[in-house]
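Working notes, structure below.
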Amino acid sequence: MSATSSVEAPRRPALWPQRLRDLWSVSVSLVRSRNAGPELGADRVVRRFGLVIGLVGTIAAVLELPEIIVQHRSVPLIWTMITYTVAFGMLPVLAVVSLIAGARLVRAVAGAAALGYLAGMALVMPYYYEIAEAPGLIWAHRLVMIGVLAAAVAWRPWAAVVYLVVTAATPGVALYVMFDDTTVLSVVENFTRNAGLCLLFLWCVVHARAAGARVDRESLIAGDRAAAVAGTAARERERARFAVLIHDAVLSTLLDASRSGSGGTSVVVREQARRTLDQLDATRFSGADTGLLDASSAVGFLRAAVHEVNVGVEFTVHRGGNENELRMPLSAAGPLAGALAEAVRNSLRHAGVPGRRVRREVTATVGAGGLLVVFQDDGAGFDRSSVPADRLGISASILGRMRQLPGGAGFVESAPGQGTLVTLMWGNAGSVDDVGET
Numbered sequence: 001m002s003a004t005s006s007v008e009a010p011r012r013p014a015l016w017p018q019r020l021r022d023l024w025s026v027s028v029s030l031v032r033s034r035n036a037g038p039e040l041g042a043d044r045v046v047r048r049f050g051l052v053i054g055l056v057g058t059i060a061a062v063l064e065l066p067e068i069i070v071q072h073r074s075v076p077l078i079w080t081m082i083t084y085t086v087a088f089g090m091l092p093v094l095a096v097v098s099l100i101a102g103a104r105l106v107r108a109v110a111g112a113a114a115l116g117y118l119a120g121m122a123l124v125m126p127y128y129y130e131i132a133e134a135p136g137l138i139w140a141h142r143l144v145m146i147g148v149l150a151a152a153v154a155w156r157p158w159a160a161v162v163y164l165v166v167t168a169a170t171p172g173v174a175l176y177v178m179f180d181d182t183t184v185l186s187v188v189e190n191f192t193r194n195a196g197l198c199l200l201f202l203w204c205v206v207h208a209r210a211a212g213a214r215v216d217r218e219s220l221i222a223g224d225r226a227a228a229v230a231g232t233a234a235r236e237r238e239r240a241r242f243a244v245l246i247h248d249a250v251l252s253t254l255l256d257a258s259r260s261g262s263g264g265t266s267v268v269v270r271e272q273a274r275r276t277l278d279q280l281d282a283t284r285f286s287g288a289d290t291g292l293l294d295a296s297s298a299v300g301f302l303r304a305a306v307h308e309v310n311v312g313v314e315f316t317v318h319r320g321g322n323e324n325e326l327r328m329p330l331s332a333a334g335p336l337a338g339a340l341a342e343a344v345r346n347s348l349r350h351a352g353v354p355g356r357r358v359r360r361e362v363t364a365t366v367g368a369g370g371l372l373v374v375f376q377d378d379g380a381g382f383d384r385s386s387v388p389a390d391r392l393g394i395s396a397s398i399l400g401r402m403r404q405l406p407g408g409a410g411f412v413e414s415a416p417g418q419g420t421l422v423t424l425m426w427g428n429a430g431s432v433d434d435v436g437e438t
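Quick note on full-length UniProt numbering: the sequence shown kicks off at 1 and runs consecutively.
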């Protein structure tokens, strides 16, 4: 055997910890990609409570296991396993889902956990006498709070209160039905004790969720106000600049023209008029305004423009993973908001259908490269070819604005009886590749 063959090759270290971390990161990214965008305060509260309840409930289930084994010594093993799994099986799932998924899935799993615990209390009843022979309170009647907290995360307050009443009353009612020496007073005392303790924690969860929702509403209102203030400031700047132009250029041109007499216009006046027209044309999209809007401000600007026309129009936002990189000039946000507002106004004027309510909605998709805004209604619709030439609402106020906007584009699709779809796009430096990323 050669000398080289006797030397062992160096062993590579195991990479499984890194692979597990990569797998976890990919799983989290896949789940959260369905809920892209900044997390609302109310949803954050739901996820935090879901995580706490899932972990605490799982720990409580493990700690109760020895007591459950003692109380179920006369119960068939398969029935014990089914009861235990139904009562506590969704709690670890709730903890994991709260880490990687959105609030909607967390609420669904929390509801399943609450119903599972209630089902576990029911599954104890066929072997109630055997379980009650063991010392101590029946395990399913000691952890009512876990189910109530899961219900508070999953459902509306009134539904959680109904769940609390049912679960808090079950232990006393079971004792009253199963044992003749149980009095009504002891049932009431049992219910009062269980309900009082659970009601305190239920109140905490409900008010925390309400506080999160209140923060979201205030943030939305503040964003709309900021966008409205920015829009007003931009319009005031444009109005002032236009007034200066009229005073300095247009009026002076007219004055020189009036002094030139009827014998014709001088070369100087013609040149001055040409320069003035160029200046007026440049006012449409001036680069002098250096104000930039981020993603939230741009969306708020558009929402304010829509709700200024009609507050009943539904406005939905989809955000890409890198929407924070968006920087939209006010000079671009103004025409886009104007075109969108005109689309809403046209729908309100012409899309009505007798006998039913027309649904109108705006969907804004935000990415680092720009914005994609879609307005849609299910109203009367129209035939583009039949629109008179003097009707400028579509040709000038919508499509014309978007054609003149650098990086902008607009499309209108409609047919009689099939509603109208208006698509407006703006891409930074003319690029809209990133806008569709949701």
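Cβ coordinates follow ideal geometry from the N, Cα and C atoms, glycine included.
Check: Exposed or buried, phenylalanine 411, counting other C-beta atoms within 10 Å across all chains shown (16 or more means buried)?
Finding: By 1-based counting over the sequence shown, the position of residue 411 is 411. Label assigned to phenylalanine 411: exposed.
Notebook entry, point to check: Smallest Cα separation from valine 177: which of Thr192, Tyr128 and Asp294?
Noted result: For this step, residue 177 is matched to residue 177 along the sequence shown. The residue with the shortest Cα to Cα distance from valine 177 is Tyr128.
Margin query: Classify valine 7: buried if its beta carbon has 16 or more other beta carbons within 10 angstroms, exposed otherwise.
Written below: Taking the first residue of the sequence shown as position 1, residue 7 is located at position 7. Unreliable positioning characterises valine 7 in this predicted model, as indicated by a pLDDT of 47, which lies under 50. The coordinate reading is nonetheless provided below. Exposed, because fewer than 16 other Cβ atoms sit within 10 Å of the Cβ of valine 7.
Checklist line | Own chain partners of alanine 42 with C-beta closer than 7 angstroms, once the 5 adjacent residues on each side are dropped | finding: To locate residue 42, count along the sequence shown from 1; it is residue 42. Correct list, in chain order: Arg209, Gly212, Ala213 and Asp216.
Checklist line | Own chain residues within Cβ distance below 6 angstroms of alanine 195, not counting five before or after | finding: Within the sequence shown, the letter at position 195 stands for residue 195. So the qualifying residues of the chain are Ala168.
Next item on the list: Output yes or no for whether 8 angstroms exceeds the beta carbon distance between glycine 417 and glycine 367.
Entry: As a position in the sequence shown, residue 417 is number 417, starting the count at 1. As a position in the sequence shown, residue 367 is number 367, starting the count at 1. For glycine 417 and glycine 367, no; Cβs fall outside 8 angstroms.
Next item on the list: Pick helix, strand or coil for glycine 417, following the three-state DSSP scheme.
Entry: As a first step, residue 417 is located in the sequence shown; it is residue number 417 there, counting from the start. Glycine 417 falls in the coil class under three-state DSSP.
Margin query: Pull the bridge partners of glutamine 404 from the DSSP assignment, please.
Written below: As a first step, residue 404 is located in the sequence shown; it is residue number 404 there, counting from the start. None; glutamine 404 has no bridge partner.
Check: To the nearest angstrom, how far is it from the Cα of tryptophan 158 to the Cα of alanine 119?
Finding: Position 158 of the sequence shown holds residue 158. Position 119 of the sequence shown holds residue 119. Rounded to the nearest angstrom, the two C-alpha atoms are 20 angstroms apart.
Check: In the DSSP assignment, what are the bridge partners of phenylalanine 411?
Finding: By 1-based counting over the sequence shown, the position of residue 411 is 411. Its beta-bridge partners are Thr423.
Check: Just reading off the beta strand (DSSP E) that leucine 137 is part of, what are its end residues?
Finding: Locating residue 137 in the sequence shown gives position 137, where the first residue counts as 1. Counting along the chain, leucine 137 falls outside any beta strand (DSSP E), and DSSP gives it neither H nor E.
Check: Going by beta carbon distance, what residues of the same chain come within less than 6 angstroms of leucine 421, once the five residues before and after it are set aside?
Finding: Looking up residue 421 in the sequence shown gives position 421. Closer than 6 angstroms at the Cβ level, and outside the excluded window around leucine 421, lie Gln376 and Glu413.
Next item on the list: Could you tell me the boundaries of the beta strand (DSSP E) in which alanine 364 lies?
Entry: Translated into the one-based positions of the sequence shown, residue 364 becomes position 364. Run containing alanine 364: 360 to 367, per the beta strand (DSSP E) assignment.
Notebook entry, point to check: If we ignore side chains and look at the alpha-carbon of each, how far apart do leucine 197 and alanine 61 end up?
Noted result: As a first step, residue 197 must be located in the sequence shown, where it is residue number 197. As a first step, residue 61 must be located in the sequence shown, where it is residue number 61. Each residue's alpha carbon lies about 19 angstroms from the other.
Next item on the list: Could you tell me if threonine 183 is buried or exposed, where buried requires 16 or more neighbouring beta carbons within 10 angstroms of its beta carbon?
Entry: Counted from its first residue, the sequence shown places residue 183 at position 183. It is exposed - the Cβ of threonine 183 has fewer than 16 other Cβ atoms within 10 Å.
Checklist line | DSSP-derived helix/strand/coil call for phenylalanine 179 | finding: Here residue 179 refers to the residue found at position 179 when the sequence shown is read from its first residue. In the structure shown, phenylalanine 179 sits in coil (DSSP, three-state: anything other than H, G, I, E or B).
Notebook entry, point to check: Based on Cα-Cα distance, which residue from Gly370, Pro406 and Val45 lies nearest to cysteine 204?
Noted result: The residue you call residue 204 lines up with position 204 of the sequence shown. When each option's Cα is compared against that of cysteine 204, the closest is Val45.
Note to self: Please list the terminal residues of the continuous beta strand (DSSP E) segment that includes valine 373.
What the structure shows: On the sequence shown, residue 373 is found 373 positions in, with the first residue counted as 1. Element bounds for valine 373: 370 to 377.
Next item on the list: Specify, as a first and last residue, the run of the beta strand (DSSP E) that arginine 319 falls within.
Entry: Sequence index remark: in the sequence shown, residue 319 carries index 319 (1-based). Residues 314 to 319.
Item checked: Span separating the alpha-carbon of arginine 32 from that of leucine 372 -> In the sequence shown, the residue the question calls residue 32 occupies position 32. In the sequence shown, the residue the question calls residue 372 occupies position 372. With a pLDDT of only 48 at arginine 32, under 50, the local geometry of the prediction cannot be trusted, and the value read off the model is given with reservation. Each residue's Cα considered, the two are about 22 angstroms apart.
Notebook entry, point to check: Among Ser331, Arg359, Ala108 and Asp383, which residue has its Cα nearest to the Cα of proline 406?
Noted result: Sequence index remark: in the sequence shown, residue 406 carries index 406 (1-based). Selected option, being the one with the closest Cα: Ser331.
Next item on the list: Name, in chain order, the residues that DSSP records as bridge partners for proline 329.
Entry: Start at 1 with the first residue of the sequence shown, and residue 329 comes out as number 329. Beta-bridge pairing links proline 329 to Leu292.
Next item on the list: Identify whether arginine 356 lies in helix, strand or coil by the three-state DSSP scheme.
Entry: Looking up residue 356 in the sequence shown gives position 356. Of the three classes helix, strand and coil, the one that applies to arginine 356 here is coil, per DSSP.
Item checked: Assigned exposure category for phenylalanine 179 - 16 Cβ within 10 Å defines buried -> Reading the sequence shown from its first residue, position 179 is the one you call residue 179. Answer is exposed; the Cβ neighbour count stays below 16.
Margin query: Suppose you measure from the CA of glycine 338 to the CA of arginine 303; what does that come to, to the nearest Å?
Written below: The residue given as residue 338 occupies position 338 in the sequence shown. The residue given as residue 303 occupies position 303 in the sequence shown. Near 11 angstroms, if we compare the C-alpha coordinates of arginine 303 and glycine 338.
Next item on the list: Apply the 10 Å Cβ neighbour rule to leucine 137 and answer buried if 16 or more other Cβ atoms are within range, or exposed otherwise.
Entry: Taking the sequence shown and counting its residues from 1, one reaches residue 137 at position 137. Leucine 137 comes out exposed.
Margin query: Helix, strand or coil for proline 126? Go by DSSP, reduced to three states.
Written below: For the purposes of this step, residue 126 is taken as residue 126 along the sequence shown, with counting starting at 1. The answer is helix: DSSP assigns proline 126 an H, G or I state.
Margin query: Can you find the residues in the same chain that come closer than 7 angstroms, C-beta to C-beta, to valine 86, ignoring five residues on each side of it along the sequence?
Written below: In the sequence shown, residue 86 corresponds to position 86, counting from 1. The residues are Gly116, Ala119, Gly120 and Leu123.
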